[in-house]
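Colleague: If you read the protein sequences in the order shown, they are chains V, P, E and B. When the letters of the first sequence are read in order and numbered with numbering that gives the first Met the number 0, they come out as residues 0 to 153. When the letters of the second sequence are read in order and numbered with numbering that gives the first Met the number 0, they come out as residues 0 to 648. When the letters of the third sequence are read in order and numbered with numbering that gives the first Met the number 0, they come out as residues 0 to 461. When the letters of the fourth sequence are read in order and numbered with numbering that gives the first Met the number 0, they come out as residues 0 to 113. Here it is: the structure, laid out below.
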Amino acid sequence: MLSQFGFILLFIVGAFLMLAGILGMARLLRPDKPNDQKLLSYESGENAEGGSLVSFNIRFYVIALIFVLFEVELVFLFPWSVVFGDKQLIEQTNGLWGWFSMAEMFVFIFILSLGLVYAWAQGHLDWLRPDQKVNPFKSEIPSDLYENINKKYS
Amino acid sequence: MSLILLIPLFPLIGFLINGLGFKNIPKSLVAPIGIGASLLSFVFAFIAYSEFKNTGEVIIVKAFDWITIGDLNIPFSFQIDQLSILMLFIVTGVGTLIHLYSAGYMSHDAGYGKFFAYLNLFLFSMLLLVMGSNYLIMFIGWEGVGLCSYLLIGFWNKNSDFGDAARKAFIMNRVGDLGFLIGIFLIITHFGSLEYTQVFEMAKQYPVGSGIITAITLFLFVGAMGKSAQIPLFTWLPDAMAGPTPVSALIHAATMVTSGIYMIVRSNVLYTLSPVTLNVVAWIGVATALVAATIALFQNDIKKVLAFSTVSQLGYMFIGLGMMAYTSGFFHVITHAFFKALLFLGAGSVIHAMSDEQDITKMGGLWSKIKITAVTFLIGTIAISGIPPFAGFFSKDEILAHTFAHNKAIWVLAMLGSFITAFYMFRLFFVTFTGKFRGTQEQEHHVHESPLSMTIPLMVLAGFSIVGGFIGMPEIFHQPHFLENFLAPIYEGSESVLPGFGNLGISHETEWSLMGLSVVLALVASVFAYVVFVKNATIPKDSSELSGVKKILADKYYIDDLYLKIFSNGTSKLSKGLYNSFETKFLSPLVNSTGTLINFAGKQLTRIQNGTTGYYLFAMGISIAFILVFFLGLDVLSFFKNILGGFSK
Amino acid sequence: MYPILFLSFSGLITLFLGFFQEGKWVKPATILFLAIASISAFIDWNKPGAYFFNMLQVNNFNLLLSLVILITAILIVAISDNFKEIEYAHSAEYYAIMQFSLVGAIMMTNFQSLIMLFLGVEILSVSMYVLTGTDKRNLRGNEAAIKYFLLGAFATGILLFGIAMIYGGVGAFEIDAISGTLASNQAQSLFLYIGLVMLLIGLLFKLAAAPFHFWTPDVYEGAPTIFTLFMATIVKTAVVFALYRILHQSFQNMHLSWSYILAGCIALSLIIGNLSAVKQISFKRMLAFSSISHAGFLLLGLLHVSKTADKSLLFYSVSYLLASTSAFGVLLALKNERTENGRSNENISVFKGLATRSPFLSAVLIISMLSLAGIPLTGGFWSKFYVLTDAANDQFFYLIVLALLLTAVGVYYYFKPIITVFEKSDIQEAITINPIFKIIFVLTTLGTLVLGLFPDLLYGMI
Amino acid sequence: MLQENTALIPDMIKQIPLVNYVLLASILFVIGIVGVLIRRNALIIFMSIELMLNAVNLLLVAFSAYNSDPNGQVFVFFIMAVAAAEVAVGLAIIVMIYRNIRSIDIGLLNKLRG
């Protein structure tokens, strides 16, 4: 008789077999005429250039870092949530426990939010766009001349 | 904290104020600060005395734990007992007077503030020396006063001769200090402590004449030789007269030079335990006394004469100590402090009046011109020549009596010495103050009595020189020997190792006759001097005009030249020789090769620091693996056993 | 305990202070906060006890350590300018991070549970990674930061594995529990053994002891001088006393096991540190190697579980703190001398002619060098003396000999700057020192001399 | 070794002896170390370090389960948080370097040496 872990093992093996089967089938069925155009990675019509790291905009990193931090802090909410609603404790302290742990968690979150506020105030969150450059060039030739020519040859 | 700690603190503060800000402090403030500092410590010395009287036993005040090495603990602490109290009074009292005197004497000098700073520093070190409760603190003070005397002798450092004199003093003191230091090390290794109380307590257990004690005492005495200018280390003191006269009075007559005697009296137990050392002390003392006295006979520089007389007086003190008559020796320290300071200050006042003329052959007939100085100087002269009832008589006579009791030969020489002393002192007095003036014209009409700030100390000291002796009347006067009774507790150690060590076993008749003899000698000497220098109005000649024995004496037995030949040239030759052979051939190649070796190793090692992170990580990993394999090798095997166990489960 | 709480909040406040009046109040505020924190340490004075469910342990000695750390921090902050030379500098952040890192340092000295040890180490290290890389445009700074970070994180991993293994062996994180388990003569399990070795390795890395020292010279050279000073003083002190608590108060029964590892590291640190320092041109790099050798000496003080080990270590740390503060401080004071392409020259040659240009600075430098070399009449002499007397033992006799030999080598390179001070230089005009520097220098130098003249003032007091 | 008081441990866990967890964790840890030692790309080294940390987490959780002592799991939370902070700082440093030298190959950074 297999144990729970045995079943899990079976699932894993099964998954791999499935994947292999599907891909193999596709390989058999589809036509296979590769050329370098086809092998290019699709960049919405553009030719991919440079290392793959370049294409990432630096701004993503900042946001991502901030995100990682705040997201991981959540891990402390889990043990808290276990004891937060603990009947026994609440009865022993006739309700005080709930408020206490609540307050505690709010202090924690407040400190976190302080960090967020700081990042905000420092302007790490606002998404700076490249501003439009207008070409200052002015040509002496009046534009109606061009239009005349266009009219003439149209 | 006890008030006692304040006593050395005041001069230190004074030194810091005058020394650090001597450019910024107005000249009018300098002297008050300096004098005030010493005066305050004088006052607090009285307070300490009263405190001591109330309790009646030794007070030891610990400032802080200083050094602890294993079980050897040296605290920074002060000891107040009969001896240090007396020294306190002498140092601070005489010191204050001389500060006062300097205010007048140095008033025209450029380095006024510097001078007072140095004086205060000296006072501070001297207080450390006499108040310290262990040999190390005494040694610090010992070095400190040496440094100050060096600074003050070379005070007028424009003149290179003075600089040489200062260096001479310093080097000779260093020689002595070396001995002192060795003595201290011996004490540490042998007794495992430097505290007086502990060391002496332990010393009591030793038999008289034990070798180690003899060694210790001898080395300590070498230190005393240096500080207190005994043969062979005495030639620095006369040259030290290059310094300003107040300095000569304070350091080179009253206080510093007597620190050797203080040290011996302080450690009297050890000395009582080693008769050998006592003999050495006595003989060196009498030799010094005679040699210095004879030299003084033919000196024409007023301060040089006094310097040599100081040396010979110190010799007398050591004779006293050598006879185990510690009280008498110390008694002479006290009286000598009074009259020799008086004489020096008087000489200073004379020099001041004669507009910096020191040669007595160019003086004469000053009696009427500078009355106060003359009278006080006369008092000093009488006191030193040992004519009753002045101070010098009692102390010197006590020493002589003890000497007679113990060692006739030394006694004869000592008597001779005292005769000579009386003679040259009166010679000095008569030549300087009587006869007709021999100076230049403008010197003559420039002659004037010194300001009050200089004459007051003279008078005070004169007073002490007269009455100072009465603190130690011989018992034949049926007066209480105040000093003896007061100092008695100091000697209980010696008493226990050698009962009745101090009392002189001679009958009253002998004592009377001895006393009479010495008085008669002194008077004869003075009369003789009177006949020679006043009746016949002889004027001393310069050494170049003298011949035979006189010349030898005038040229100080050529000892200086001897030292120059033997030591200075000898050392330079030796060092040259060593340099050419040992240094160049052997030492420097060795050193250089070591250097190159180290450099090479350094270069090789910096190569492993090649700056690539991956390499660093790899090195770390390797070393971790190494440690694990090397230290866990065996356990790893047992670990696999466990694994098998785990699977089998 | 109270300094920890206070500093964590004051750090946050400092962050936001940066927005007012372009943060001109940040530095004074930081000093104020640190002062308050050091005072708040006294709340627990003579009240030994445990905090946070027996995670932190408070007693007078630990408080003393926190005090030493905080006071050093005050000195360092005082001689820091507002990082004007760094472009895009957010000085408020740096001061805040310094305060946070102090929280870590204090945790490391007061911990009772290994969790706290780990947290302390990490808080300290992560802050130091950031501070090392503050000069963003400076390639050397970047390199130092990445090296420090990668190696440090790696060491952290090792340390964690060690802690986990110890937990496996003992079933608890409290060091008292560990010593209890060891005392009750159970067979020392393999877990405990591996755990101890790995924990030790992790801490040795943070202490910059060979053979885990490779990061030290590069990081010390690349980081801004003020943070190099921070690393050399506060981090070292914290780590050494963490080691003291681990080895002497929880694993003393396994002395045989760890003393050999320690002995090896000591020998390597002394040799590598002293010999590599000889050829250095950069002053900071030389001090880095010297700090490796000092790490060796500190470990020497840990080598034997003796009564006086804590005293000697504290004495050593204090005298080392004072000496290196003045040494690096002089370098900081000369920051604007002889700058080359915008960056200040940090070679020993920058001291040329200092004797004529600023006798004060040269005196400070010379005394600090003498103290680091361990010449008598300075604190350094007594600290080495005490440590060696503690380690004196037939078992590791050769280590003492080695230490003495290499101290002689040390004299050789510590005198390089001293000689340079007296060399003639083309520049002659006097150097102006700002008064705060003056005060700090006077304090540190006097401290060094006082320790040298009256060692028992401190040694007897502990 | 550990005192495995079987009463408190759920049967579910009991089916796999502790030693296996220890071995798995150790293997993961060693994989991490090897990754750190042999890769040149800062990011990958960094990931390997994270792998080491997670191996430790696994180890701690296993121990705490077999000790039926929650402290180990508490510690795991701490480790996670700290690891996140480390990730943030580490990535920031790597990005900073990439901005300056357009590469994250640690082999290129060897200006500080000797």
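Virtual Cβ for every residue (Gly too), placed ideally from N, Cα, C.
1. Cβ of Thr232/E within 8 Å of Cβ of Ser367/E?
2. Would you list, in chain order, the members of the region 201–220 of chain E that have their beta-carbon closer than 8 Å to a beta-carbon of chain P?
3. Is the beta carbon of Gly18/P sitting closer than 8 Å to the one on Gly33/P?
4. Measure from the C-beta of Ser112/V to each C-beta in chain B and report whether the shortest distance is under 8 Å.
5. Could you name the residues of the same chain whose beta carbon sits closer than 8 Å to that of Leu445/E, not counting the 5 residues immediately before and after it, in chain order?
6. Would you say the region 448–465 of chain P touches the region 386–401 of chain P, given that touching needs at least three Cβ pairs under 8 Å?
7. Among residues of its own chain, excluding the 5 on either side of Met514/P, which ones have a beta-carbon nearer than 7 Å to its beta-carbon?
8. Indicate the three-state DSSP secondary structure (helix, strand or coil) for Thr67/P in the structure shown.
9. Using the rule of at least 16 other Cβ atoms within 10 Å of the residue's Cβ for burial, across every protein chain shown, is Ala144/E buried or exposed?
10. Using the C-alpha atoms, what's the distance from Ala77/E back to Gln23/E?
11. Among Ala336/P, Gly345/P, Glu443/P, Val519/P, which has the Cα closest to the Cα of Met414/P?
12. Bridge partners for Pro154/V per DSSP, in chain order?
13. Assign Ser647/P to one of three DSSP states: helix, strand, or coil.
14. Whole alpha helix (DSSP H) runs in the region 124–204 of chain P with 4 or more residues, listed along the chain?
15. Using a Cβ-Cβ distance cut-off of 8 Å, determine whether Ser275/E contacts chain P.
16. Going by other Cβ atoms of all chains shown within 10 Å of its Cβ, with 16 needed for buried, is His293/E buried or exposed?
17. Only counting the same chain, and skipping five residues up and downstream in sequence, which positions put a Cβ closer than 7 Å to that of Phe343/P?
18. Which residues in chain E sit within 8 Å of Ala618/P, going by Cβ to Cβ distance?
19. Taking C-beta pairs closer than 8 Å, name the residues in chain E that Gln608/P reaches, listed in chain order.
20. What's the gap between the Cα of Phe314/E and the Cα of Ile260/E?
21. For Leu146/P versus Val496/P, is the C-beta distance shorter than 8 Å?
22. How close, in whole Å, do the beta carbons of Gly314/P and Leu320/P come, if the pair is a contact with beta carbons under 8 Å?
23. Per DSSP, what kind of secondary structure is Arg342/E in: helix, strand or coil?
24. Hey, how far is the Cα of Ile244/E from the Cα of Phe395/E?
25. On the DSSP bridge assignment, give the partners of Phe110/E in chain order.
26. Taking only beta carbons into account, state which residues of the region 125–139 of chain E come closer than 8 Å to chain B, listed in chain order.
27. Can you tell me which of Ala84/B, Pro16/B, Pro69/B puts its alpha carbon nearest to the alpha carbon of Gly170/E?
28. Between Leu427/P, Phe338/P, Ala408/P, which has its C-alpha nearest Trp366/P's C-alpha?
29. Let me see if you follow: with CB-CB separation under 8 Å, is Met61/B close to chain V or not?
30. Taking all protein chains shown into account, decide if Tyr578/P is buried (16 or more other Cβ within 10 angstroms of its Cβ) or exposed.
31. Return the residues of the region 433–459 of chain E that lie within a Cβ-Cβ distance of less than 9 Å from chain P, sorted by chain order.
32. Are the C-beta of Leu18/V and some C-beta of chain B separated by less than 8 Å?
33. Examine chain V for any beta-carbon lying closer than 8 Å to the beta-carbon of Val115/B, and answer yes or no.
34. How would you list, in chain order, the residues of chain B whose beta-carbon sits under 9 Å from the beta-carbon of Gly601/P?
35. What's the C-alpha gap between Asp502/E and Ala91/B?
36. Does the beta-carbon distance from Glu121/E to Val81/B come in below 8 Å?
Modeller: With the structure as the only source:
1. Translated into the one-based positions of the third sequence, residue 232/E becomes position 233. Translated into the one-based positions of the third sequence, residue 367/E becomes position 368. Going by C-beta atoms, Thr232/E is not nearer than 8 Å to Ser367/E.
2. Phe204, Pro210, Phe211, Phe213, Trp214, Pro216, Asp217
3. Within the second sequence, the letter at position 19 stands for residue 18/P. Within the second sequence, the letter at position 34 stands for residue 33/P. Going by C-beta atoms, Gly18/P is not nearer than 8 Å to Gly33/P.
4. Translated into the one-based positions of the first sequence, residue 112/V becomes position 113. It does not: the Cβ of Ser112/V has no partner Cβ on chain B nearer than 8 Å.
5. For the purposes of this step, residue 445/E is taken as the residue at position 446 of the third sequence. None.
6. yes
7. Numbered from its first residue, the second sequence carries residue 514/P at position 515. Its chain contains Asp396 as the residues whose beta carbon lies nearer than 7 Å to that of Met514/P, once the 5 sequence neighbours on both sides are disregarded; these appear in chain order.
8. For the purposes of this step, residue 67/P is identified with residue 68 of the second sequence, where counting begins at 1. In this structure, Thr67/P counts as strand in the three-state DSSP scheme.
9. Here residue 144/E corresponds to residue number 145 of the third sequence, with the count starting at 1. So Ala144/E counts as buried.
10. Against the third sequence, residue 23/E aligns to sequence position 24. Against the third sequence, residue 77/E aligns to sequence position 78. In the sequence under discussion, the amino acid at residue 23/E is Lys, which differs from the Gln named in the question. The alpha-carbon atoms of Lys23/E and Ala77/E are separated by roughly 14 Å.
11. For the purposes of this step, residue 414/P is taken as the residue at position 415 of the second sequence. Of the candidates Ala336/P, Gly345/P, Glu443/P, Val519/P, the one whose C-alpha sits nearest the C-alpha of Met414/P is Val519/P.
12. Nothing in the structure corresponds to residue 154/V, since chain V is present only between 0 and 153.
13. Indexing the second sequence from 1 puts residue 647/P at position 648. The predicted model places Ser647/P with a pLDDT of 48, which falls under 50 and marks its position as unreliable; any figure quoted below should be read in that light. In this structure, Ser647/P counts as helix in the three-state DSSP scheme.
14. With a minimum length of 4 residues, the continuous alpha helix (DSSP H) runs that stay inside the region 124–204 of chain P are 134–152, 159–190, 195–202.
15. Start at 1 with the first residue of the third sequence, and residue 275/E comes out as number 276. Taking Cβ atoms only, chain P reaches closer than 8 Å to Ser275/E, which makes this a yes.
16. Locating residue 293/E in the third sequence gives position 294, counting from the first residue. His293/E should be labelled buried.
17. Taking the second sequence and counting its residues from 1, the one referred to as residue 343/P is at position 344. For Phe343/P, where only same-chain residues beyond five positions count, the Cβ hits under 7 Å are Thr244, Ser247, Ala248, Ala252, Leu305.
18. Here residue 618/P is taken as the residue at index 619 of the second sequence, counted from 1. What Ala618/P touches in chain E: Pro210, Phe213.
19. Position 609 of the second sequence holds residue 608/P. Within chain E, the residues near Gln608/P are Phe213, Pro216, Asp217, Ser275.
20. Here residue 314/E refers to the residue found at position 315 of the third sequence. Here residue 260/E refers to the residue found at position 261 of the third sequence. Distance between the alpha carbons of Phe314/E and Ile260/E: 24 Å.
21. For this step, residue 146/P is matched to residue 147 along the second sequence. For this step, residue 496/P is matched to residue 497 along the second sequence. Contact flag unset, no.
22. Start at 1 with the first residue of the second sequence, and residue 314/P comes out as number 315. Start at 1 with the first residue of the second sequence, and residue 320/P comes out as number 321. Not really, about 11 Å apart at Cβ, beyond 8 Å.
23. Locating residue 342/E in the third sequence gives position 343, where the first residue counts as 1. In this structure, Arg342/E counts as strand in the three-state DSSP scheme.
24. Residue mapping note: residue 244/E aligns to position 245 of the third sequence, counting from 1. Residue mapping note: residue 395/E aligns to position 396 of the third sequence, counting from 1. The residue asked about is misnamed: residue 244/E is Arg in this sequence, not Ile. About 22 Å.
25. Within the third sequence, residue 110/E is the residue found at index 111, counting from 1. Note: Phe110/E sits in a beta bridge opposite Leu55/E.
26. Val125, Tyr128, Val129, Gly132, Lys135, Arg136, Leu138, Arg139
27. Position 171 of the third sequence, counted from the first residue, corresponds to residue 170/E. With distances taken between Cα atoms, Gly170/E lies closest to Pro69/B.
28. By 1-based counting over the second sequence, the position of residue 366/P is 367. Checking every option, the nearest Cα to that of Trp366/P belongs to Leu427/P.
29. Indexing the fourth sequence from 1 puts residue 61/B at position 62. This sequence places Ala at residue 61/B; Met is not what is there. No - not a single Cβ of chain V is within 8 Å of the one on Ala61/B.
30. Reading the second sequence from its first residue, position 579 is the one you call residue 578/P. Tyr578/P should be labelled exposed.
31. Within the region 433–459 of chain E, the residues whose Cβ lies closer than 9 Å to some Cβ of chain P are Leu452, Phe453, Pro454, Asp455, Leu456, Tyr458, Gly459, listed in chain order.
32. Taking the first residue of the first sequence as 1, we reach residue 18/V at position 19. With 8 Å as the cut-off, Leu18/V does not count as an interface residue toward chain B.
33. Past the boundaries of the shown model lies residue 115/B; chain B is included only from 0 to 113, so the question cannot be answered.
34. Taking the first residue of the second sequence as position 1, residue 601/P is located at position 602. Near Gly601/P there are no residues of chain B at all, since even the closest Cβ is about 11 Å away, more than 9 Å.
35. Absent from the structure is residue 502/E, since the part of chain E shown begins at 0 and ends at 461.
36. For the purposes of this step, residue 121/E is identified with residue 122 of the third sequence, where counting begins at 1. For the purposes of this step, residue 81/B is identified with residue 82 of the fourth sequence, where counting begins at 1. In this structure, Val81/B lies closer than 8 Å to Glu121/E by Cβ.
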